[in-house]
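Protein chains: 4
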Amino acid sequence: MPLSKLFCKQDASVAVKRERRKEARPGELLDAALDLFVEKGFAATRAEEVAARAGVSKGTLFLYFQSKEELLKAVVRENISGRFKEWNDEFLKFEGNSTEMLTYCMNIWWDRVGATKASGITKLMMSEAKNFPEIAAFYQQEVIAPGQALIRRILQRGIDRGELRALDLDYAVYTIVAPMMFLILAKHSAGVCVINAADLDPKKYIATQLSAILHGLSTAADGSSPDKEKKST
Amino acid sequence: MPLSKLFCKQDASVAVKRERRKEARPGELLDAALDLFVEKGFAATRAEEVAARAGVSKGTLFLYFQSKEELLKAVVRENISGRFKEWNDEFLKFEGNSTEMLTYCMNIWWDRVGATKASGITKLMMSEAKNFPEIAAFYQQEVIAPGQALIRRILQRGIDRGELRALDLDYAVYTIVAPMMFLILAKHSAGVCVINAADLDPKKYIATQLSAILHGLSTAADGSSPDKEKKST
Amino acid sequence: MPLSKLFCKQDASVAVKRERRKEARPGELLDAALDLFVEKGFAATRAEEVAARAGVSKGTLFLYFQSKEELLKAVVRENISGRFKEWNDEFLKFEGNSTEMLTYCMNIWWDRVGATKASGITKLMMSEAKNFPEIAAFYQQEVIAPGQALIRRILQRGIDRGELRALDLDYAVYTIVAPMMFLILAKHSAGVCVINAADLDPKKYIATQLSAILHGLSTAADGSSPDKEKKST
Amino acid sequence: MPLSKLFCKQDASVAVKRERRKEARPGELLDAALDLFVEKGFAATRAEEVAARAGVSKGTLFLYFQSKEELLKAVVRENISGRFKEWNDEFLKFEGNSTEMLTYCMNIWWDRVGATKASGITKLMMSEAKNFPEIAAFYQQEVIAPGQALIRRILQRGIDRGELRALDLDYAVYTIVAPMMFLILAKHSAGVCVINAADLDPKKYIATQLSAILHGLSTAADGSSPDKEKKST
DNA sequence: CATGAATGAGGTTTCATTCAT
DNA sequence: TATGAATGAAACCTCATTCAT
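Protein chains in written order, with the numbering used here: chain A, -3 to 229; chain B, -3 to 229; chain C, -3 to 229; chain D, -3 to 229.
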């Protein structure tokens, strides 16, 4: 965890002395900050609360982070570190058909991201992007772009294998992205997406969405070409 | 020094000092508030800014709205709550099949809500719900619940007419809701949903989503029952 | 009631036109102001409340009184107008002994001042004197000084007639003043003088005080000279 | 620009910047608050003024007291509430007769309360009671009630010992309370009680009042029963 | 390194006062 | 004259940030 790079810029030359839990401090603060920023929003979270939850004093927080804004940036950077490379490799090796692949993909994504604290970052970015264009750009570059690229490759693979229809990938990616995004927001913005978020079973939600995405809700599995509808718009 | 000078553009010819327009004020303030709340967030918007954009002074705002929070409630009421009844009536009269209905429904929703300023409220609520539980409850009751009920009725109608598969409505509604929500968020949270929001053609997005939702992305329009996949979860 | 003199200074030359209830307005405002200032204090009373209670609009109040402070001054001036001359004459004619005179005096004072709204002025002055030295001086000159002079004459008369002990009038006046003042404050500052102000019967209070003042609480009506105690200080 | 410079006089030699004196702060703030509240009234005193007089900044005040109102409560507690127990004990031990006791009592009260800054609280409560019912209730319970109870016990003791007439204590207490209250008000509401407050010698005032209360102003120390007057009302 | 007392800019809200009608 | 919509100074209180210890 090379966190030190992120905040210690001016005093890189300082000799390292006592190392009790010094190294752990920034991480604890980032964890606390993520929790609180997601839970209460950035503006509504007081710096002292973050410090308290991390078990340190207010002053210590500002020892590690120049400002509350810098703390937010660090939180985002820390929690979106490129896991995409490993996933990409993993998916490259995957041998099932597209149905299996997308099913595996969405479920594994929920287990590894959606169900974890990291999913709060999405909510956080959505709320604060306007106020922090710099980290929004960073987030787009580090998360959105690789994420969409990954999904495009999966869809392209399906098309190439003749398992998926010929899709305009620029729009088809959102068929996969939108349900995932919505699930995260439902989890973190209780009430404004879903009536009772606690009652929503993520796995069943994913299954339902996959079923629709792959085979449609329609009973017309016969001759009625799916392309017909496009014209009716 | 009246701040109004800084913002009023349309009536630069008038000697704008203490115009008395009791009727028009609330509407102007609500418009200004919607713009700013969506643009900067509720907490980050100062009451004085809202007043200035409406071309009045700080004090005038509090003449019409008891508090900043009450102003937000009024914004929600003004832009969403009152419109469900007419939509409901409209959809009840619709005579086409489910494909036509959902297509009509999503497109008309985009034209009347998604493409308008009112769509910013969704984003707004998502960001501020945690901090203003009272408003969140109000929004859930006035917007989320009626909206989902409307979609459930449309899906149920399709099932009853044999046009849609037998669906678990508790989960199927999100097949419709998620893409709509995502489209709004893409519009208002530039960058954190979509790479380049400006390039996303809403109508084409809706068409793609509808095509997927209704008929699936899969080429397997044959014997492969859509129910099979559920087991693979 | 030559109230006009009090507020109309700059436009005394203006011709008098329509006289509906114009003349009565200032008086109604002063009445309302007295009530509210006494009830809630000067600072806590809003100008609009005064106007509302007088049945006019906020603007009208400022038509008659230059400012809220001027209104207060007018209230005080209006309600302490020299009733002392008539009382003085009345007391000059009184023919009873000192006990009868003081008894009559305190009771009549309660009936004519203490029990009326005018008594609120005392409370008002006490609270606001520091903030309005000008009217405090006015009040002292118009009320305190004549009041004390009156009491001094009554006591002096008693001494001259041999009914009262030889008193140092500079201090003896307060033997009469203090109980009266306390009674008014008990009435207007509920709770901070008396536990339950409503239970205090003014006439019984006055009788008790008079009994003490005139004859003492002590049973030692015998040889123990009242002057003895003075030495023990 | 630290306002403290404007008020701090005693420590001009110290480079007064950010002195840390957690222990001393509350006391300094309470002293400053008492002074200003008494001098200008509660509502008219700005929180920042209190802080400035205590030599700290606005924020520091709210570090120690949740609100301005809470500060007032603390002022009352600090200066009055806690002292009744010791006084009560002291008076229980007193062995003189009622004349001696009341004389001792009123003089000691003046020395310990009346002559000190604490006496300003009485005036303060009188002015603000209506606007802060919670504080008024607190004051009644903590100060008025115990104070009256103490005086009742003293009078009852005198009656039991045959030194005082059979009194209706519900009214007789005010024979003692009223002069004390008046003396305080004379001191703090200069001009509206007494012509020239500076000329009033408290000790002489108390002696005069005691003399009257105990033995009466009347020369009729003979057979004329003090009860006669009651009928003449 | 760590603390937490101290700071003060900044936000919401109130209300005396003005002025166009 | 009378109105009441509009104004904006000022008050309370919060909290990010600093700095003496």
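Where is the CB? At the ideal position from N, CA and C, for every residue including glycine. Keep in mind that this is a model prediction, so the values were computed, not measured.
**Message:** Against chain C, does L57 of chain D count as a neighbour if the rule is that its beta carbon must be under 8 angstroms from one of theirs?
**Reply:** For L57 of chain D, no Cβ of chain C is located within less than 8 angstroms of the residue's own Cβ.
**Message:** Suppose you measure from the CA of M122 of chain C to the CA of L181 of chain D; what does that come to, to the nearest Å?
**Reply:** When rounded, the distance between both Cα atoms is 8 angstroms.
**Message:** For a cutoff of 8 angstroms on Cβ pairs, would you count T229 of chain B as touching chain A?
**Reply:** With a pLDDT of 38 at T229 of chain B, under the threshold of 50, the modelled position of this residue cannot be trusted, and the question is left open.
**Request:** Counting only the same chain and skipping the five closest in sequence on each side, list residues whose C-beta sits under 6 angstroms from that of E124 of chain D.
**Result:** Cβ within range, chain order: F38.
**Item:** Beta carbon proximity, D164 of chain D to chain C, threshold 8 angstroms
**Value:** With 8 angstroms as the cut-off, D164 of chain D counts as an interface residue toward chain C.
**Message:** For a contact defined as C-beta to C-beta under 8 angstroms, what are the partners of T231 of chain D on chain C?
**Reply:** This structure gives no information on residue 231 of chain D, because the portion of chain D shown stretches from -3 to 229.
**Prompt:** Could you give the distance in angstroms between the alpha-carbon of A43 of chain D and the alpha-carbon of V52 of chain D?
**Reply:** C-alpha separation (whole angstroms): 11 angstroms.
**Request:** Please state if the CB of V72 of chain A and the CB of I117 of chain A are separated by a distance shorter than 8 angstroms.
**Result:** With respect to the 8 angstroms criterion, I117 of chain A and V72 of chain A are classified as neighbours on the basis of their beta carbons.
**Message:** So, at 7 angstroms on beta carbons, what are the nonlocal neighbours of I147 of chain B in its own chain, with the 5 sequence-adjacent residues on each side left out?
**Reply:** The answer, listed in chain order, is V169, I172, V173.
**Residues that L160 of chain B bridges to, as DSSP identifies them** = In the DSSP output, where bridge partners are listed per residue, L160 of chain B has A:S214.
**Asked** Tell me which same chain residues have a C-beta within less than 6 angstroms of the C-beta of G154 of chain B, skipping the five on either side of it?
**Response** If you ignore the 5 residues before and after G154 of chain B, its C-beta comes within less than 6 angstroms of the C-beta of S94, L160, all in its own chain and listed in chain order.
**Prompt:** Closer than 9 angstroms, Cβ to any Cβ of chain B: which residues of the region 130 to 153 of chain A, in chain order?
**Reply:** So the list reads A132, A133, Y135, Q136, V139, I140, A141, Q144, L151, given in the order they occur along the chain.
**Request:** Return the chain-ordered list of same chain residues with a C-beta closer than 8 angstroms to the C-beta of F87 of chain A, the five sequence neighbours on each side being excluded.
**Result:** Correct list, in chain order: M97, C101, L146, R149, I150.
**Same chain, Cβ closer than 8 angstroms to A193 of chain D, five either side skipped, listed in chain order** = Closer than 8 angstroms at Cβ, skipping near neighbours: A182, K183, A186, G187.
**Asked** How big is the Cα-Cα spacing for E225 of chain C and I209 of chain D?
**Response** Unreliable placement is indicated for E225 of chain C, whose pLDDT of 42 sits below 50; no coordinate value is reported for it.
**Item:** Within chain C, the residues that Y60 of chain D reaches when beta carbons sit closer than 7 angstroms
**Value:** Chain C residues near Y60 of chain D: none, gap ~25 angstroms exceeds 7 angstroms.
**Request:** Tell me, to the nearest whole angstrom, how far the beta carbon of R17 of chain B is from that of L32 of chain B; I am working on the premise that it is less than 8 angstroms.
**Result:** Not a contact, Cβ separation roughly 20 angstroms.
**Item:** Inter-residue spacing [alpha-carbon to alpha-carbon] between I104 of chain D and D156 of chain C
**Value:** Each residue's alpha carbon lies about 35 angstroms from the other.
**Item:** Per-residue contacts from N75 of chain B into chain A (C-beta, under 8 angstroms)
**Value:** By Cβ distance, chain A contributes nothing, its closest Cβ being about 15 angstroms from N75 of chain B, past 8 angstroms.
**Request:** Can you give me, in chain order, the residues of the region 11 to 37 of chain B that have a beta carbon less than 8 angstroms from any beta carbon in chain A?
**Result:** Residues E35, K36, G37.
**Prompt:** When DSSP labels each residue in this structure, what does E96 of chain A get in the three-state scheme?
**Reply:** Here E96 of chain A sits in helix by DSSP.
**Message:** Determine whether the beta carbon atoms of G110 of chain B and L179 of chain B lie at a separation below 8 angstroms.
**Reply:** Yes; because the gap between Cβ atoms is below 8 angstroms, this pair is in contact.
**Prompt:** If you draw a straight line from the alpha carbon of K36 of chain C to that of A40 of chain D, how long is it in whole angstroms?
**Reply:** Rounded to whole angstroms, the separation of the alpha carbons of A40 of chain D and K36 of chain C is 14 angstroms.
**Request:** Take E24 of chain B and list the residues in its own chain whose beta-carbon comes closer than 6 angstroms to its own, dropping the five residues that flank it on each side.
**Result:** Sequence-distant partners of E24 of chain B (beyond 5 residues in either direction) whose C-beta falls short of 6 angstroms from its own C-beta, in its chain, are A50.
**Request:** Mind checking which residues open and close the alpha helix (DSSP H) that includes I131 of chain B?
**Result:** First-last of the alpha helix (DSSP H) with I131 of chain B: 129 to 135.
**Request:** Ignore the nearest five residues each way along the sequence and tell me which others in F80 of chain D's own chain have a CB closer than 6 angstroms to its CB.
**Result:** Sequence-distant partners of F80 of chain D (beyond 5 residues in either direction) whose C-beta falls short of 6 angstroms from its own C-beta, in its chain, are P142.
**Prompt:** Does the beta carbon of N188 of chain A come closer than 8 angstroms to any beta carbon on chain B?
**Reply:** Sequence inspection shows Val at residue 188 of chain A; the Asn mentioned does not correspond to that position. Interface residue, yes.
**Message:** One question on the structure: do Y135 of chain A and I191 of chain A come within less than 8 angstroms of each other, judged by their Cβ atoms?
**Reply:** At the C-beta level, Y135 of chain A and I191 of chain A stay beyond 8 angstroms of one another.
**Prompt:** chain B beta carbons: is any one of them nearer than 8 angstroms to that of A168 of chain A?
**Reply:** Chain B, which has a Cβ nearer than 8 angstroms to the Cβ of A168 of chain A, makes this yes.
**Item:** Residue environment, E162 of chain B, which counts as buried when at least 16 other CB atoms sit within 10 Å
**Value:** Note that residue 162 of chain B corresponds to Ala in the displayed sequence, not to Glu. A162 of chain B is exposed by the Cβ-count criterion.
**Request:** Would you mind sorting S115 of chain D into buried or exposed? The rule is 16 or more other CB atoms within 10 Å of its CB.
**Result:** Burial state of S115 of chain D is buried, judged by a 10 Å Cβ sphere holding 16 or more other Cβ atoms.
**Request:** Kindly say whether G212 of chain D, judged by its beta-carbon, lies nearer than 8 angstroms to any beta-carbon of chain C.
**Result:** So, interface residue.
**Message:** Can you list, in chain order, the residues of its chain with a C-beta nearer than 6 angstroms to that of Q144 of chain D? Leave out the 5 residues immediately preceding and following it.
**Reply:** Leaving aside the five residues that flank Q144 of chain D on each side, the residues in its chain whose CB is nearer than 6 angstroms to its CB run, in chain order, V169.
**Request:** Report the rounded CA-to-CA distance for L120 of chain C versus N127 of chain C, giving the unit in angstroms.
**Result:** Spanning the two alpha carbons is a distance of roughly 11 angstroms.
**Message:** Is it buried or exposed, F290 of chain C, if we count other Cβ atoms within 10 angstroms and call 16 or more buried?
**Reply:** Beyond the ends of chain C as shown, which are -3 and 229, falls residue 290 of chain C; an answer cannot be given.
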